[in-house]
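The numbering used here puts the first residue of the sequence shown at 10, with every later residue one more than the last.
Note that the Cβ used here is the ideal one computed from N, Cα and C, for glycine as well.
It should be emphasised that the depicted structure is a prediction, and the values quoted were computed from it without experimental measurement.
Data block below; observations after.
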Amino acid sequence: MTAVAATTAPVAPGSLRFAVLGDTGTGEKPQYEVAAQLWRSHSVFPFEFLIMVGDNMYGSERPQDYARKFELPYKPIIEAKIPFYAALGNHDDPNQRFYKLFNMNGERYYSFKKDTLGNPGVRFFALDSNYMAGDQVRWLEKELASSGSDWKIAFFHHPLYSSGGRHGSEVDLREQLEPMFLKHGVNVVFAGHEHFYERLKPQKGIYYFTAGGSAKLRAGDIRRGSMTEVGYDADNSYMLVEVAGDVMHFQTLSRTGRRVDSGSISRANRPLTQP
């Protein structure tokens, strides 16, 4: 099976397009530079929304901090009324869930569906990986079970699989979530926490991305091994993703706009797995 092929996102008619950011909320120069490059990308890849995989706000979270660490760097995107959907990271105050521009609607975890023209819908599951307690697990089981044949994309902060030297894989969290992901056919998972980009080789048929380098960077931290398909820890980065029918295209760009990874995932080629 060859389910990932090198490509660039084609911007197909009727497709769903979004961006992925992680570990963003520093208010420092790299965040602003990534944000500016992201906005330049929008002119050729008009993404419709963005997902944030946690650590949206480092340090204090006063109104002026929300301005410096979010509203100012992403001002053109906000003014264009392109929505952000956030998940909570370990540096985030849970009260971020009430911040209007994060579209969490007061919830620590939530789901939403995006429809594509004449194509399968895409359902997103934003999780709080800081506290994977019983209520969230039961909610996720129910949400996944009712999601039908849509694309299923989960995003949260702590990676289930990671080659990072600083943190590495969150094994306990994996033991909680992976059986449900396999049982209900989750296709793709986006996480952060590690301050770099990594695309893992498919794990039991699921594609895992770590995208935690959108403002902070832990240079040289990837310990490349049998799990790593592509790793990039030389500069900050962000992702652009397009879902067109049963194919997902992705590309990862650096702070300077250099493409460091790209490919496509065919949902039809997902291997059969046992829960």
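On the premise that residue 102 lies in contact with residue 201, defined as a C-beta separation below 8 Å, what is that separation, rounded to the nearest angstrom? Counted from its first residue, the sequence shown places residue 201 at position 192. Counted from its first residue, the sequence shown places residue 102 at position 93. Wrong, their Cβ atoms sit about 17 Å apart, outside the cutoff.
Using three-state DSSP, classify residue 276 as helix, strand or coil. Numbered from 1 along the sequence shown, position 267 holds the residue referred to as residue 276. In this structure, residue 276 counts as helix in the three-state DSSP scheme.
Count the C-beta pairs between the region 229 to 249 and the region 111 to 124 that are closer than 8 Å, then say yes if the count reaches three, no if not. By the Cβ criterion, the region 229 to 249 is not in contact with the region 111 to 124, since fewer than three pairs of Cβ atoms, one from each stretch, lie closer than 8 Å.
Is residue 235 buried or exposed, if buried means 16 or more other CB atoms sit within 10 Å of its CB? If you number the sequence shown from 1, residue 235 lands on position 226. By the neighbour-count criterion, in which a residue is buried when 16 or more other Cβ atoms sit within 10 angstroms of its Cβ, residue 235 is exposed.
Go through its chain and collect everything with a Cβ distance to residue 225's Cβ below 7 Å, but skip five positions before and after it. Here the question's residue 225 lines up with position 216 in the sequence shown. The residues are 32, 35, 204.
Residue of 137, 168, 158, 43 minimising C-alpha distance to residue 276: Here residue 276 refers to the residue found at position 267 when the sequence shown is read from its first residue. Among 137, 168, 158, 43, the Cα nearest to that of residue 276 belongs to 158.
Can you tell which of 48, 177, 68 has its C-alpha closest to the C-alpha of residue 285? With the chain covering 10 to 284 only, the question about residue 285 has no answer from this structure.
When the Cα atoms are used, what is the spatial distance from residue 169 to residue 106? Walking along the sequence shown from the start, residue 169 turns up at place 160. Walking along the sequence shown from the start, residue 106 turns up at place 97. In this structure, the alpha-carbon of residue 169 lies about 23 Å from that of residue 106.
Residue 24 vs residue 197 beta-carbon contact at 8 Å: Your numbering for residue 24 matches position 15 in the sequence shown. Your numbering for residue 197 matches position 188 in the sequence shown. At a Cβ-Cβ threshold of 8 Å, residue 24 and residue 197 do not count as neighbours.
Is the beta carbon of residue 134 sitting closer than 8 Å to the one on residue 91? Taking the sequence shown and counting its residues from 1, the one referred to as residue 134 is at position 125. Taking the sequence shown and counting its residues from 1, the one referred to as residue 91 is at position 82. Not a contact, by the Cβ cut-off of 8 Å.
From residue 117 to residue 143, what distance separates their C-alpha atoms? The residue you call residue 117 lines up with position 108 of the sequence shown. The residue you call residue 143 lines up with position 134 of the sequence shown. The alpha-carbon atoms of residue 117 and residue 143 are separated by roughly 13 Å.
Mapping DSSP to helix, strand and coil, what is residue 29? Position 20 of the sequence shown, counted from the first residue, corresponds to residue 29. Here residue 29 sits in strand by DSSP.
Residue 167 versus 62, 47, 21, 43, residue with shortest Cα-Cα distance: On the sequence shown, position 158 is the one that residue 167 refers to. For the set 62, 47, 21, 43, the Cα lying nearest the Cα of residue 167 is the one of 62.
So is residue 88 buried or exposed if we call it buried at 16+ other beta carbons inside 10 Å? The sequence position of residue 88 within the sequence shown is 79, counting from 1. The residue is exposed, with fewer than 16 neighbouring Cβ atoms inside 10 Å.
For residue 296, the nearest candidate out of 43, 186, 96 (CA to CA): The requested residue 296 does not occur in the structure, where the chain is confined to residues 10 to 284.
Exposed or buried, which one is residue 53 when buried takes at least 16 other CB atoms within 10 Å? Taking the sequence shown and counting its residues from 1, the one referred to as residue 53 is at position 44. Per the 10 Å Cβ criterion, exposed.
Can you name the start and end residues of the beta strand (DSSP E) that residue 198 belongs to? To locate residue 198, count along the sequence shown from 1; it is residue 189. According to the DSSP assignment, residue 198 belongs to the beta strand (DSSP E) that extends over 197 to 200.
Residues in the same chain with beta-carbon distance under 6 Å from residue 78, minus the five sequence neighbours each way, listed in chain order, please. By one-based count along the sequence shown, residue 78 stands at place 69. Scanning its chain for C-beta atoms nearer than 6 Å, with the 5 sequence neighbours on each side dropped, one finds around residue 78 the residues 34, 36, 66, in chain order.
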